[in-house]
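Asks: The numbering of the sequence shown is this note's numbering, which starts it at 1456 and goes up by one. Every residue, glycine too, gets a C-beta built ideally from N, C-alpha and C.
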Amino acid sequence: MSVLTLARKVLLLFAVPVVLVAAWWFATAHSTNFFWPPLHDILATFGDTWFHGRFTSDVLPSVVRLLVGYFVALILGVGLGVAIGSLRWLRALLEPVLEFFRAIPSPVLVPILMLFAGIGDGMKILVIASGCVWPILLNTVEGVRGLDEVLTDTARCYRMRPHSRLIHLVLRGASPQIAAGARQALSIGIILMVISEMFAANSGVGFTIVQFQRSFSIPQMWTGIILLGLIGNVLSIVFQIVESRALSWYTGLRRSQRES
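1. Closest by CA to GLY1575, which one among PRO1516, TRP1505, GLN1668, LEU1535?
2. Using the beta-carbon count (16 or more within 10 Å), is ASP1513 buried or exposed?
3. My output table needs one value for PRO1617: the three-state DSSP class, helix, strand or coil.
4. Looking only at its chain, what residues have a beta carbon closer than 7 Å to the beta carbon of SER1658, apart from the 5 residues adjacent to it on each side?
5. Under three-state DSSP, which class holds ALA1484?
6. Hey, quick one: how far does the alpha helix (DSSP H) through HIS1495 stretch, first residue to last?
7. According to the Cβ coordinates, are ALA1656 and VAL1588 closer than 7 Å?
8. As a quick exercise: from LEU1641, THR1609, ILE1622, pick the residue whose alpha carbon is nearest that of VAL1518.
9. Give me the residue from ASP1496, GLN1675, PHE1694, ARG1709 with the minimum Cα distance to PHE1506.
10. Note down, in chain order, each residue of its chain lying with its Cβ closer than 8 Å to the Cβ of VAL1596, except the 5 sequence neighbours on either side.
11. Output yes or no for whether 7 Å exceeds the beta carbon distance between ILE1583 and GLY1644.
12. In this structure, how does DSSP classify ALA1572 when only helix, strand and coil are distinguished?
13. From the DSSP output, in three-state form, read off ASP1513 for me.
14. Would you mind stating whether THR1591 and ALA1637 have Cβ atoms separated by less than 7 Å?
15. Determine the direct distance from the alpha carbon of MET1569 to that of LYS1579, and round the result to whole angstroms.
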């Protein structure tokens, strides 16, 4: 990769965030609105708000709950999606039920899950998993259903073992759509992490933001919103790195098809 190409990618990556931050900075530079403080006042309180005790008591627990709920949804979504996509009778049996539960917004389930799981970490993880599982499940089903029939027949003719067929044909063939569903689920998980922490919680980023809002600590409240954006950005970058490595064969195939 040439220096010019690398510089162009870096410029494209940071151009819009830099413009938005600059616009926010100058738009609020002389603001006297209590609810819309200057950006430099918000940034001045960021470190003291989150890195002096709250990082371990609020930020880390939130991220751990998010990751646990996300990976639970990933395992359930891929496992059920492979089974439903592979078996027509199971798909016909479960499709009406799946459509019913998929239409229920996950935040509505928070009071119900509180009755069964209490108000601890288990409830928050269940809320995150219940919302993240649907894009993973549905994309996995469509990915398995869309497998090349020639490859499926070839695997059957060569009598591939079930676990080899599952790993090398089904999961690998459906992995682009599984990755698309997992990417959608990650953004949903961050939203549900915040919502679950706003109900009967005593720690977490969402809980702390609500506490700042109720005590009219407006600059601190804005720092929480910025922190959520940073968490989402970091997780998105990590996901892109893992995705690029896992789907290197797919991106290479697409690149060769475009060049031919």
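Replies: The short version:
1. It is PRO1516.
2. With a 10 Å radius around the Cβ and a threshold of 16 neighbouring Cβ atoms, ASP1513 comes out buried.
3. Helix, per DSSP.
4. Within the same chain, SER1658 has close Cβ partners SER1512, ASP1513, PRO1516.
5. In the three-state scheme derived from DSSP, where H, G and I count as helix and E and B as strand, ALA1484 is classed as coil.
6. Annotation for HIS1495: the continuous alpha helix (DSSP H) segment containing it runs 1494-1505.
7. For the 7 Å CB-CB criterion, ALA1656 and VAL1588 do not form a contact.
8. With distances taken between CA atoms, VAL1518 lies nearest to LEU1641 out of LEU1641, THR1609, ILE1622.
9. Distance check between PHE1506 and each of ASP1496, GLN1675, PHE1694, ARG1709 places GLN1675 closest, using alpha-carbon atoms only.
10. Result list for VAL1596: GLY1536, ILE1539, GLY1540, ARG1546, in chain order.
11. Yes, Cβ-Cβ distance for ILE1583 and GLY1644 is below 7 Å.
12. Here ALA1572 sits in helix by DSSP.
13. Assigned with DSSP and collapsed to three states, ASP1513 falls in helix.
14. The sequence given here places Ile at residue 1591; Thr does not occur at that position. ILE1591 is a Cβ neighbour of ALA1637, given a cutoff of 7 Å.
15. Roughly 9 Å between the two C-alpha positions.
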